[in-house]
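J.: Just dropping this structure here.
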Amino acid sequence: MRIYFFVLILLGLLPSASLAESDCQLNILHSAIGSTHSFNLEVTCAGNYNTLTYLLRSKTQKNGTTRIDSESGELHILGDSKTTGPIKLDLTAGDSVTVEARILQACEILADTTLHYSHEH
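Structure below.
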């Protein structure tokens, strides 16, 4: 009976253990010159990854209309960081943007992040 409960406890810990295996961090970088805003993805991994697929997508709300821009590609990371992009958007006051980023290896999501930005002036 004790072994049965021990096995159940171990199985309950498996999902959290698999999430901890990814050593990659994502940051969405934002910069602006005038009304042109740029969003880049910075991927930093401690390990070596021959082929990572990155996805960077922006969704802009402008005057009740939604516009989606996206970029994807492959990265090779050897214990360092790489920056991809940019997605460039012309924003005016009141526009809001959601930028989503994700990296995958062989269809497995290693990391993802989201940035919300509202243009004030």
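If you count by mature numbering (1 follows the signal peptide of the UniProt record, and there is no 0), then the sequence shown holds residues -20 to -1, 1 to 101, one letter each, in order. Quick reminder that beta carbons are idealized off the backbone N, C-alpha and C, glycines included.
Would you list, in sequence order, the uninterrupted beta strand (DSSP E) runs of no fewer than 3 residues that lie entirely inside the stretch 28 to 77?
T.: 28 to 42, 45 to 58 and 61 to 70
J.: Shortest alpha-carbon distance to Leu100 belongs to which of Arg82, Leu71, Ala81 and Asn28?
T.: Here residue 100 is Glu; the residue named in the question, Leu, does not match the sequence. Answer by Cα proximity: Leu71.
J.: Applying the criterion that 16 or more other CB atoms from any shown protein chain within 10 Å of the CB defines a buried residue, is Ser61 buried or exposed?
T.: exposed
J.: Take every Cβ of the stretch 62 to 81, pair it with every Cβ of the stretch 7 to 23, and state whether three or more of those distances are shorter than 8 Å.
T.: yes
J.: At the level of alpha carbons, what is the spacing between Ile83 and Ala26?
T.: 14 Å
J.: Could you tell me the alpha carbon to alpha carbon distance between Ser98 and Asn7, rounded to whole angstroms?
T.: Spanning the alpha carbons of Ser98 and Asn7 requires a straight line of approximately 18 Å.
J.: Please classify Thr31 as buried or exposed, where buried requires at least 16 neighbouring CB atoms within 10 angstroms.
T.: exposed
J.: Roughly how many angstroms separate the alpha carbons of Ile13 and Ser2, rounded to a whole number?
T.: Taking the straight line joining both Cα atoms gives about 35 Å.
J.: For Ser11, report the span of its beta strand (DSSP E) as first-last.
T.: Where Ser11 is concerned, the enclosing beta strand (DSSP E) stretches over Cys4 to Ile13.
J.: Quick one: is Thr16 buried, meaning 16 or more other Cβ sit within 10 Å of its Cβ, or exposed?
T.: exposed
J.: Out of His10, Leu35, Asn28 and Leu9, point me to the one whose CA is closest to Cys87's CA.
T.: Leu35
J.: Measure from the alpha carbon of Glu51 to the alpha carbon of each residue in Ala91, Ser38 and Val77, then state which is nearest.
T.: Ser38
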